[in-house]
Structures are given as C-alpha cells and as structure tokens.
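Participant: The following block contains the structure, expressed as structure tokens.
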C-alpha cells in the first residue's frame, strides 16, 4: 500500500514513507522485481527518487539498485531499453552496476551500444548533474505538450516507448487502464492507472494496507 500510494502520487503516503521501515519498500514479487525495477519500467520518476532517498546506507542502496529479476535484468537494463535517460543517469549516480549480465549474457553497457543514441553510453560512462537531466526532461515534456496530442495518442506513445517485448501482457493491461489522474485532471496529464498497475505487479499489498494505517 505504501508503494501504491507513492505510485499514485498520494501526498499523505509520500509524507508517511519517511516513517516506514525501508524493508517494506523492497519486497519482491514473483518475478523477483522490487519497486525500483517496477518503477523504472513504468517510468515513475517521483517514486524512484523517493525510494532512493529512503534507502539507508550506500551498501544497501547498491544492493537494491542492482537487484536481478527473473530475466537477470536490473533496473538499469530496463531504463536503457526504454531509453529513459533521466532514470539511467539517476541509477548510475546511485551505484548501479552496468557490468551485470542478464540471462542472455548482456550487460547494460551492451544494451547501450545497441541503441541508436550515443548519449546513453555517454551517460553511463560519465553521469551528469541532476539539474542538467531535469532540465532536459522538462524541455522534452514541453515539446510534447506543444504538439497537442490526444489522450489516445499519448497512451499509445507510452506503450510504444515501452520497448520490452517480453511483457506484451502488461502492454494490454496498460491499454485497458488509461485514465485522467485525479490529482491533475488535465488533458496534458494523461497517465495509466498507476494504482492498478502496482497491484498487478505486487500481490502483498493487502497485508501492507493494515501496516500503513497502524503507524
């Protein structure tokens, strides 16, 4: 439930997470994914930033960021597949290991070389300042907003950019759960149903629900 609240940008939960045992945030689902991997795959930058702030100690941070899922992929593998430069930079600045191999024997460095964007390899080799990456991200969003795409076009773009072909089932789930965010009900803030997506990935949320409200 804590993770759900963060994903749903609930202000109460975001504040409460500072008082919650970090172990709750780093449970894994049946695919061995923790919230860092899932948030990376879904492009939830706000969740990633909050969770990374919550991890106690550099050794623990390195451990959670470099968690391998059932495909042997780390969050960094997925960030590169999605060409999410902000997350790639964020993970690299927080001790992500680009040399870890997945079950296909590919490292994050290998995936970066396969991209048609040399900037990704440059970020892995030399992470940039947070301010620089945030500025770049805002600029890209402004350019997208100016184009004035429809709701369906924005969701289709999201799915198209979700380049992980092994997860077609999740693509269909995304398509069936698009909606206007209740916290920012503007056509420019179309998103997918984050609450349901996190319930889809993690099955232990009912147990966490009680722990949140007992605090």
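Residue numbers (my numbering): 11 to 225. Built from N, CA and C at the ideal position, the CB exists for glycine as well.
Rounded to whole angstroms, what's the CA-CA distance from residue 232 to residue 86? Just pull it up for me.
Facilitator: The structure shown does not extend to residue 232, since the chain is modelled only from 11 through 225, so no value can be given for it.
Participant: So, with DSSP's three-state summary, where would you put residue 120?
Facilitator: The answer is helix: DSSP assigns residue 120 an H, G or I state.
Participant: Starting from the C-beta of residue 72, find all residues in its chain whose C-beta is less than 7 angstroms away, skip the five residues before and the five after it, and write them out in chain order.
Facilitator: Excluding sequence neighbours, residue 72 sits near 105.
Participant: Is the Cβ-Cβ distance between residue 118 and residue 110 less than 9 angstroms?
Facilitator: Yes, the Cβ-Cβ distance between residue 118 and residue 110 is below 9 angstroms.
Participant: Which residue marks the beginning of the alpha helix (DSSP H) containing residue 51, and which one marks its end?
Facilitator: Segment 45-52, the alpha helix (DSSP H) holding residue 51.
Participant: Hey, residue 101 and residue 75 are a contact pair by Cβ (cut 8 angstroms); roughly how many whole angstroms apart?
Facilitator: With a Cβ gap of about 6 angstroms, residue 101 and residue 75 count as contacting.
Participant: DSSP three-state label for residue 109, please.
Facilitator: Residue state, collapsed to three classes: coil.
Participant: Can you grab the Cα-Cα spacing for the pair residue 136 / residue 58, in whole Å?
Facilitator: Looking at the two C-alpha atoms, the distance is approximately 20 angstroms.
Participant: In or out: residue 52 buried (at least 16 other Cβ within 10 Å) or exposed?
Facilitator: The residue is buried, with at least 16 neighbouring Cβ atoms inside 10 Å.
Participant: Would you mind sorting residue 18 into buried or exposed? The rule is 16 or more other CB atoms within 10 Å of its CB.
Facilitator: Reliability fails at residue 18, whose pLDDT of 49 lies under 50, so the model's placement of it is uncertain and the value that follows must be treated cautiously. So residue 18 ends up on the buried side.
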